[in-house]
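Enquirer: Under the numbering used here, residues 1 to 415 are what the sequence shown spells out, in order. Glycine included, each C-beta is placed from N, C-alpha and C at the ideal position. Note that the structure is predicted; figures quoted are calculated from it, not measured. Encoded as structure tokens, here's the structure I'll be asking about.
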Amino acid sequence: MADIKNIGSCFVFSGKNKIRLRFRKEARVDFLYNQDAQPGIPISSLQTSIRTFFRKNHSAFSNKKVGIVIPDPTRDFHSRAILKPIAGELKKITGGFEFMISLGLHQRLSGTGLMDFLGEPLIRENQIVQHSPKEVIALSIIHGVPATLNRRLFSYDVIITVGVVEPHLYAGFSGGVKCLAIGLAGQETILHTHSPEYISQKGVRVSNIRANPFQHFLWEVCRKLDIPVYSLNLVNNQQKEIAFYSMGEARRSFTESVKAAREIYSYRVRDPFDLLFVGCDSPKDRSLYQASRLFNYVLEKKRLIKKGGIICVFAGLNAQGESQAEKNFESLLKKSGLPDAYGFRKPGEHRTYKVIEASRTGRLCFITPNIPKGGFPCLIFFGHYLDALNWAQDQFGKNLKVGVIPSGFSFIPCP
């Protein structure tokens, strides 16, 4: 765990770019960055560990049909570097395997998108399947949720999930079997687990997995599936390097990775700020739908801004809403004065619900070179951080207290 540091010059991520922020020497600026966080692990070391895992567990995969469930491009799991050795080892021992991209309700990848994501050699040499929420079968009602799963899962003898473990608004942490139980589910399951009623339950919150109904649902789906599940979980540091990984039985791998993520991402924050600058790194910076999560990330674990304070997220926003969920999110967010009884039932509208919820605590802003067209009543857009800083000084005075989080998705505030 790191302490905050007072500093006159620091940086935030905006996509893959580092934006340098400069402040006058007497400014009250706290840089919430763990400079002692675990350094990156060479990719070659992880690749060697993958090969060793399969050689030690040869009997678990020998002559079996294997499904490898991988995240979509919204998660930076170093796809090309790790999927190649997985494919190479499985070709030697299995009776066949395929990669399945867990899209949930996200847009299917085009040919070009798939090529950018995985690369031509992997696509040419392996079977790649994209999830469709329409190609599912019902399991049962699990903890009140109608559970559904992609029917292809039931043709596998063994499943491997690949995940990035980082703070998640509902599951506490991503990774583990979330890409299986939600990423390969049907619309009915996803809408239920993302409804205002479900995500407002006690325990459903960022960085919490204990007594979390969302997390419990994921593992119960995995148990009902009754197929052996292994996982490769990765934890990235704030430089987007792999800082930790664990490969093995799914629950153990996830538990070890969550422990590592807590150690790497935790920061001690004592007092709230007037203004908070938050970096949004790639690939989530591309869309308003993804980048807007950060408003809730920095408010729900511990309130980091004073009442009426300002949060400014740096993001490229260079992609228009492509999936139906993203279009629903943006369309609803542009409306003002929603009825109190509005249910937020369509795909993507849970994100609108969460943004509106965050806007009741503070003022929500984006700093971006691509200001979206059309008004968003609860969002403010700036082209440069100095414009936002000057505006904030008009609200709070020249001596306002500023916090800077370089990477909001790699951050857990602690007392």
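Select from LEU234, PHE295 and ILE142 the residue whose C-alpha is nearest the C-alpha of ASP224.
Expert: Counting from one through the sequence shown, the residue named residue 224 turns up at place 224. Correcting the residue identity first, residue 224 is Lys in this sequence and not Asp. Closest option to LYS224, Cα to Cα, is ILE142.
Enquirer: Count the other CB atoms, across all protein chains shown, that sit within 10 Å of the CB of LYS92; report buried if there are 16 or more and exposed otherwise.
Expert: The count along the sequence shown starts at 1 and reaches residue 92 at position 92. Per the 10 Å Cβ criterion, exposed.
Enquirer: Tell me whether the segment 321-329 and the segment 37-55 touch, counting them as touching only if at least three CB pairs, one residue from each stretch, are closer than 8 Å.
Expert: With a cut-off of 8 Å, the segment 37-55 and the segment 321-329 do not count as touching, because too few Cβ pairs lie within range.
Enquirer: Could you compute how far the alpha carbon of ARG28 sits from the alpha carbon of LEU109?
Expert: Sequence index remark: in the sequence shown, residue 28 carries index 28 (1-based). Sequence index remark: in the sequence shown, residue 109 carries index 109 (1-based). Going by the C-alpha atoms only, they are around 45 Å apart.
Enquirer: Could you check the C-alpha separation between ILE311 and PHE254 for me, to the nearest Å?
Expert: For the purposes of this step, residue 311 is taken as residue 311 along the sequence shown, with counting starting at 1. For the purposes of this step, residue 254 is taken as residue 254 along the sequence shown, with counting starting at 1. If you take the alpha carbons of ILE311 and PHE254, they lie about 31 Å apart.
Enquirer: Only counting the same chain, and skipping five residues up and downstream in sequence, which positions put a Cβ closer than 6 Å to that of LYS5?
Expert: By one-based count along the sequence shown, residue 5 stands at place 5. Low confidence applies here, because LYS5 scores a pLDDT of 48, under 50, leaving its location unreliable; read the following figure in that light. Here the set comprises PHE31.
Enquirer: Do LEU333 and ARG286 count as a contact pair if the criterion is CB distance below 9 Å?
Expert: Residue numbering aside, residue 286 sits at position 286 when the sequence shown is read from its first letter. Residue numbering aside, residue 333 sits at position 333 when the sequence shown is read from its first letter. In this structure, LEU333 does not lie closer than 9 Å to ARG286 by Cβ.
Enquirer: When DSSP labels each residue in this structure, what does ARG20 get in the three-state scheme?
Expert: For the purposes of this step, residue 20 is taken as the residue at position 20 of the sequence shown. If DSSP states are grouped into helix, strand and coil, ARG20 belongs with the strands.
Enquirer: Closer than 7 Å by C-beta to PRO283: which residues in its own chain qualify, once you throw out the five before and the five after it? Chain order, please.
Expert: The count along the sequence shown starts at 1 and reaches residue 283 at position 283. So the list reads PRO73, THR74 and ASP76, once near-sequence residues are dropped.
Enquirer: In terms of residues, what are the limits of the alpha helix (DSSP H) holding GLU125?
Expert: For the purposes of this step, residue 125 is taken as residue 125 along the sequence shown, with counting starting at 1. Here the alpha helix (DSSP H) through GLU125 covers 120-125.
Enquirer: Which residues does DSSP list as the beta-bridge partners of MET417?
Expert: Here the chain has residues from 1 to 415 only, and residue 417 is not among them.
Enquirer: For a test of the three-state rule: what should DSSP assign to GLY40, helix, strand or coil?
Expert: Numbered from its first residue, the sequence shown carries residue 40 at position 40. Coil at GLY40, not helix or strand.
Enquirer: What are the boundary residues of the beta strand (DSSP E) that includes LEU299?
Expert: Taking the sequence shown and counting its residues from 1, one reaches residue 299 at position 299. That residue, LEU299, is in no beta strand (DSSP E); its alpha helix (DSSP H) goes 293-300.
Enquirer: Pairs of beta-carbons, one from the segment 371-378 and one from the segment 241-258, closer than 8 Å: are there three or more?
Expert: Contact fails: fewer than three Cβ-Cβ distances are below 8 Å.
Enquirer: Quick check on this structure: which residue in PHE173, LYS302 and LYS401 has the alpha carbon closest to the alpha carbon of CYS414?
Expert: Numbered from its first residue, the sequence shown carries residue 414 at position 414. For CYS414, the nearest C-alpha among the options comes from LYS302.
Enquirer: For LYS167 and ARG293, what's the separation of their Cα atoms in angstroms?
Expert: The sequence position of residue 167 within the sequence shown is 167, counting from 1. The sequence position of residue 293 within the sequence shown is 293, counting from 1. This sequence places Pro at residue 167; Lys is not what is there. One C-alpha to the other measures close to 11 Å.
Enquirer: Tell whether a beta-carbon distance below 9 Å holds between ALA388 and LEU299.
Expert: Position 388 of the sequence shown, counted from the start, is the residue given in the question as residue 388. Position 299 of the sequence shown, counted from the start, is the residue given in the question as residue 299. No, they are not a contact pair.
Enquirer: For the segment 158-167 and the segment 227-240, state whether three or more C-beta atom pairs, one from each stretch, are separated by less than 8 Å.
Expert: Taking 8 Å as the limit for Cβ pairs, the verdict is that the segment 227-240 does touch the segment 158-167.
Enquirer: What residues are listed by DSSP as bridge partners for PHE97?
Expert: Position 97 of the sequence shown, counting from 1, holds the residue named residue 97. VAL66.
Enquirer: Quick one: give me the first and last residue of the beta strand (DSSP E) that PHE277 is part of.
Expert: Position 277 of the sequence shown holds residue 277. Its beta strand (DSSP E) spans residues 273-281.
Enquirer: From LEU153 to GLU220, what distance separates their C-alpha atoms?
Expert: Counting from one through the sequence shown, the residue named residue 153 turns up at place 153. Counting from one through the sequence shown, the residue named residue 220 turns up at place 220. In a straight line, the C-alpha of LEU153 is about 16 Å away from that of GLU220.
Enquirer: Answer with buried or exposed for PRO71, where buried requires no fewer than 16 other C-beta atoms within 10 angstroms of its C-beta.
Expert: Indexing the sequence shown from 1 puts residue 71 at position 71. So PRO71 counts as buried.
Enquirer: Under the three-state reduction of DSSP, which class applies to ILE405: helix, strand or coil?
Expert: Within the sequence shown, numbered from 1, the residue matching residue 405 stands at position 405. Here ILE405 sits in strand by DSSP.
Enquirer: To the nearest angstrom, how far is it from the Cα of LEU191 to the Cα of GLN47?
Expert: By one-based count along the sequence shown, residue 191 stands at place 191. By one-based count along the sequence shown, residue 47 stands at place 47. One C-alpha to the other measures close to 37 Å.
Enquirer: What number of angstroms, rounded off, separates the C-alpha of CYS10 from the C-alpha of GLU26?
Expert: Locating residue 10 in the sequence shown gives position 10, where the first residue counts as 1. Locating residue 26 in the sequence shown gives position 26, where the first residue counts as 1. Those two C-alpha atoms are separated by around 15 Å.
Enquirer: Which stretch, first to last residue, makes up the beta strand (DSSP E) that contains LEU225?
Expert: In the sequence shown, the residue the question calls residue 225 occupies position 225. Premise fails: LEU225 lies in the alpha helix (DSSP H), 213-225, not in any beta strand (DSSP E).
Enquirer: In the DSSP assignment, find the unbroken alpha helix (DSSP H) run with LYS327 in it and report its ends.
Expert: Position 327 of the sequence shown, counted from the start, is the residue given in the question as residue 327. From DSSP, the alpha helix (DSSP H) with LYS327 extends over 324-333.
Enquirer: I believe THR148 touches VAL136 by the beta-carbon criterion, under 8 Å. Please report the beta-carbon distance rounded to the nearest angstrom.
Expert: As a position in the sequence shown, residue 148 is number 148, starting the count at 1. As a position in the sequence shown, residue 136 is number 136, starting the count at 1. Indeed they touch by this definition, with Cβ atoms about 4 Å apart.
Enquirer: Please report the distance separating the alpha-carbon of GLU188 from that of GLY337.
Expert: To locate residue 188, count along the sequence shown from 1; it is residue 188. To locate residue 337, count along the sequence shown from 1; it is residue 337. Cα to Cα, GLU188 sits roughly 28 Å from GLY337.
Enquirer: Which residues does DSSP list as the beta-bridge partners of CYS378?
Expert: Numbered from 1 along the sequence shown, position 378 holds the residue referred to as residue 378. CYS378 pairs with nothing; no bridge assigned.
Enquirer: Can you list, in chain order, the residues of its chain whose CB lies under 6 Å from that of ALA138, leaving out five sequence neighbours each side?
Expert: Residue numbering aside, residue 138 sits at position 138 when the sequence shown is read from its first letter. Counting only Cβ-Cβ distances below 6 Å, and skipping sequence neighbours, we find THR148.
Enquirer: How would you call MET115, buried or exposed, if buried means at least 16 neighbouring beta carbons within 10 angstroms?
Expert: Your numbering for residue 115 matches position 115 in the sequence shown. Flag for MET115 reads exposed.
Enquirer: Going by C-alpha to C-alpha distance, which of SER266, PHE244 and TYR265 sits closest to GLU256?
Expert: By one-based count along the sequence shown, residue 256 stands at place 256. Nearest of SER266, PHE244 and TYR265 to GLU256, Cα basis: PHE244.
Enquirer: Leaving out five residues on either side along the sequence, give the residues of the same chain with a beta carbon under 7 Å from the beta carbon of SER155.
Expert: On the sequence shown, position 155 is the one that residue 155 refers to. Around SER155: LYS65.
Enquirer: Among PHE344, TYR33 and VAL278, which has the Cα closest to the Cα of ILE367?
Expert: Counting from 1 along the sequence shown, the entry for residue 367 is found at position 367. Among PHE344, TYR33 and VAL278, the Cα nearest to that of ILE367 belongs to VAL278.
Enquirer: Closest to ARG22 by CA distance: which of HIS384, ARG124 and SER59 is it?
Expert: As a first step, residue 22 must be located in the sequence shown, where it is residue number 22. Looking at the Cα atoms, HIS384 is the closest of the given residues.
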